[in-house]
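Before any comments, here is the structure.
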Amino acid sequence: MQHRDHYAPHLKRAFNGYYTRVQLADGATLAVIFCWVRKAPERKNLVLVCYTPCVRPPVVPPSQGPSTATLAGSSTGNTTLPGDTTPGLPYPCADSRAFKYEFYPENFELTVGPPRQPHASFTISAPRVGHMKVTADEVEYCISVPERNLHVHLALDAHVPWDPAQPRRGPMGRILHLSSLLPLNWHVRSTASRATYAVAHHGNKVRGIGLAHVENNWGNSFPTGWIWAQAFDAPPRADADGSVDAPTDSEGGGEDVGGEPEEDGGPRSFAMAGGRAFMGVQAYLVGYRSPKCNWDFRPPVAMGVGKLAPFMDVRHDSRSGGVAIRLRTWRRRLEVAIEAPPETFIGMAAPLPKGHEPGFARESFQAVVHVKAERRRWPWPWLQWEVVDEVVLGRTTDGLSCGALEFGGAFYKVGEDGV
1 MQHRDHYAPH LKRAFNGYYT RVQLADGATL AVIFCWVRKA PERKNLVLVC
51 YTPCVRPPVV PPSQGPSTAT LAGSSTGNTT LPGDTTPGLP YPCADSRAFK
101 YEFYPENFEL TVGPPRQPHA SFTISAPRVG HMKVTADEVE YCISVPERNL
151 HVHLALDAHV PWDPAQPRRG PMGRILHLSS LLPLNWHVRS TASRATYAVA
201 HHGNKVRGIG LAHVENNWGN SFPTGWIWAQ AFDAPPRADA DGSVDAPTDS
251 EGGGEDVGGE PEEDGGPRSF AMAGGRAFMG VQAYLVGYRS PKCNWDFRPP
301 VAMGVGKLAP FMDVRHDSRS GGVAIRLRTW RRRLEVAIEA PPETFIGMAA
351 PLPKGHEPGF ARESFQAVVH VKAERRRWPW PWLQWEVVDE VVLGRTTDGL
401 SCGALEFGGA FYKVGEDGV
């Protein structure tokens with residue numbers, strides 16, 4: 001069955017959001033968001049740009065605030081600086097190169113090209129901020145805000161689809177048939193694109209080639225509580241001629257939980273998103289990609305009603321910066337433990353019905369992800385599990401943490417919880 005391109009804008013839904021996280025060659029993170037809430041009375045449009053160097057977490061005095069600015073369009077079209085969007089939150093990086101901006105332009109200009117195979121083409125332009133341009137083979141970001149001495153150019157290509165056998169298919173799988181009925185949808189265009197980047201900010205410049213996780217959301221609103229995480233293995237290293245050990249279009253090998261893994265030489269990656277889907281219901285989408293096992297988990301396996309979750313166990317504590325999730329089918333079991341220093345989380349705006357709410361989510365780019373994948377050849381409960389892969393993702397060759405972990409809404413405000 002031919003799937004539509006769910007990376008294309010869903011114009012009839014209340015909000016659309018595009019998020020790209022790039023792991024740079026040294027383990028640093030460059031994150032870019034373009035998002036809009038159609039009928040929001042305020043903060044309708046968002047462009048977020050964040051650069052976090054990969055360093056050891058510093059000891060930050062409680063009185064030190066984040067280096068964050070917000071550029072908002074007023075009703076007259078002038079540009080104002082209303083101040084810090086996350087007051088009192090310790091900035092996670094003492095490196096002077098770090099920055100985060102949340103721009104709220106009055107308007108987005110959306111241009112959608114004719115439908116083509118396999119992916120649609122479109123451009124989102126934010127006056128006085130920049131644009132995001134999508135073609136069948138490339139995603140390009142250009143951000144230029146002279147008032148902030150900020151210039152970013154990012155080109156993504158050599159995409160690795162979530163499921164190379166069906167490039168338009170994402171983590172939701174067949175659940176996408178219910179997309180119009182769901183409050184929130186999650187799609188991953190690429191688990192590991194080649195990212196060519198150039199960043200200039202207040203005289204500091206960085207350029208090179210890294211790996212990018214490319215995704216989008218659409219629906220009515222973000223939920224009241226959620227968790228999101230993503231990590232690669234060690235960052236790619238550039239050769240003397242400038243080439244990089246990055247994936248090509250033929251790499252990857254995603255498959256559903258029911259089939260056998262397809263081995264390949266692509267990079268390892270992990271991504272998950274989930275939380276409160278409906279009242280009393282928690283649901284998660286999880287994908288692990290490696291040369292040994294490319295596994296997906298989704299509802300009804302990755303779901304719990306109340307405290308009843310026969311195939312899933314999730315524990316999370318935002319105060320300690322930890323998440324543990326165990327998922328299993330009759331033949332597969334995946335155990336994941338994610339840790340990030342609590343002082344490294346920074347505020348991120350999230351799309352809500354009344355507009356983007358600054359600081360509604362908290363995200364760290366210094367997380368480490370422990371993954372253990374087990375399998376048994378027959379689905380009999382008395383058979384022993386065999387470890388097929390056990391790795392640590394989100395860590396540079398120098399031992400620095402460089403994965404991503406996000407707690408959103410009520411999941412950030414509570415301590416230990418789970419299902």
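Counting with the UniProt record's numbering, you get residues 1 to 419 for the letters of the sequence shown. Heads up, the beta-carbon is just placed ideally off N, CA and C, and yes, glycines get one too.
In terms of residue numbering, what span does the beta strand (DSSP E) encompassing residue 372 cover? Per DSSP, residue 372 belongs to the beta strand (DSSP E) from 355-375.
Under a three-way DSSP split, which group does residue 138 fall into? coil
Compute the Euclidean distance between the alpha carbons of residue 200 and residue 278, then round it to the nearest angstrom. In this model, residue 200 and residue 278 are separated by some 42 Å (Cα to Cα).
Would the beta-carbon of residue 293 fall within 8 Å of that of residue 388? The criterion of a C-beta distance shorter than 8 Å is satisfied by residue 293 and residue 388.
Specify whether the region 139-159 and the region 170-181 touch according to this definition: at least 3 beta carbon pairs, one from each stretch, less than 8 Å apart. With a cut-off of 8 Å on Cβ pairs, the region 139-159 is not in contact with the region 170-181, counting fewer than three such pairs.
Which same chain residues end up closer than 6 Å to residue 130 when comparing Cβ atoms and leaving out the 5 residues on each side of it in sequence? 142, 143, 144
Between the CA atoms of residue 225 and residue 275 - distance to the nearest angstrom: 6 Å
In the DSSP assignment, find the beta strand (DSSP E) that holds residue 197 and state where it starts and stops. 184-201
Using the rule of at least 16 other Cβ atoms within 10 Å of the residue's Cβ for burial, across every protein chain shown, is residue 165 buried or exposed? exposed
Sort out for me which residues DSSP pairs residue 35 with in a bridge. 17, 46
DSSP three-state call for residue 178: helix, strand or coil? Secondary structure at residue 178: helix, using DSSP grouped into helix, strand and coil.
So what's residue 335 in DSSP terms, helix, strand or just coil? strand
Count the CB pairs spanning the region 36-49 and the region 106-116 that are closer than 8 Å, and state whether there are at least three. yes
Proximity below 8 Å, CB of residue 54 to CB of residue 17: Contact flag unset, no.
Tell me the rounded alpha-carbon separation between residue 384 and residue 187. 35 Å
Using a Cβ-Cβ cut-off of 6 Å (strictly less than) and excluding sequence neighbours within five positions of residue 215, which residues of its own chain qualify? For residue 215, where only same-chain residues beyond five positions count, the Cβ hits under 6 Å are 19, 188.
Boundaries of the alpha helix (DSSP H) in which residue 101 is found, first to last residue: Boundaries around residue 101 are those of the beta strand (DSSP E), 99-104, since no alpha helix (DSSP H) includes it.
Note down, in chain order, each residue of its chain lying with its Cβ closer than 6 Å to the Cβ of residue 190, except the 5 sequence neighbours on either side. 159, 160, 214
Same chain, Cβ closer than 6 Å to residue 8, neighbours up to 5 away in sequence not counted: 120
Per DSSP, cross-strand counterpart(s) of residue 172: DSSP, once it has assigned bridges, lists no residue as partnering residue 172.
May I have the straight-line CA-CA distance separating residue 377 from residue 211, to the nearest angstrom? Roughly 34 Å between the two C-alpha positions.
Going by other Cβ atoms of all chains shown within 10 Å of its Cβ, with 16 needed for buried, is residue 81 buried or exposed? Note on residue 81: pLDDT 32, under 50, position unreliable in the model; the coordinate value appears next. Within 10 angstroms of the beta-carbon of residue 81 lie fewer than 16 other beta-carbons, which makes it exposed.
Sheet register partners of residue 288 (DSSP bridge): 270, 295
Should residue 222 and residue 352 be called a contact, given that it needs their Cβ atoms to be closer than 8 Å? yes
Helix, strand or coil: which one does DSSP assign to residue 396? coil
Could you compute how far the alpha carbon of residue 398 sits from the alpha carbon of residue 56? Roughly 11 Å between the two C-alpha positions.
Does residue 307 come out as helix, strand or coil in the three-state DSSP assignment? The answer is coil: DSSP assigns residue 307 none of H, G, I, E or B.
Per DSSP, residue 427 forms a beta bridge with which residues? A question about residue 427 goes unanswered here, because the residues of the chain that appear run from 1 up to 419.
Assuming the contact rule is C-beta atoms closer than 8 Å, residue 330 and residue 15 should be a hit. Round their C-beta distance to whole Å, please. That pair is no contact at about 37 Å.
Roughly how many angstroms separate the alpha carbons of residue 313 and residue 408, rounded to a whole number? 19 Å
Using DSSP with H/G/I as helix, E/B as strand and the rest coil, what is residue 410? helix
First through last residue of the beta strand (DSSP E) which encompasses residue 314: 312-317
Three-state class that DSSP yields for residue 260 in the structure shown: Any reading at residue 260 must be qualified, since the residue scores a pLDDT of 41, below 50, and its modelled position is unreliable; no value is offered.
Let me know the secondary structure DSSP gives residue 280 once reduced to three states. Annotated three-state conformation of residue 280 is coil, per DSSP.
Between 151, 127, 386, 43, which has its C-alpha nearest residue 202's C-alpha? 151
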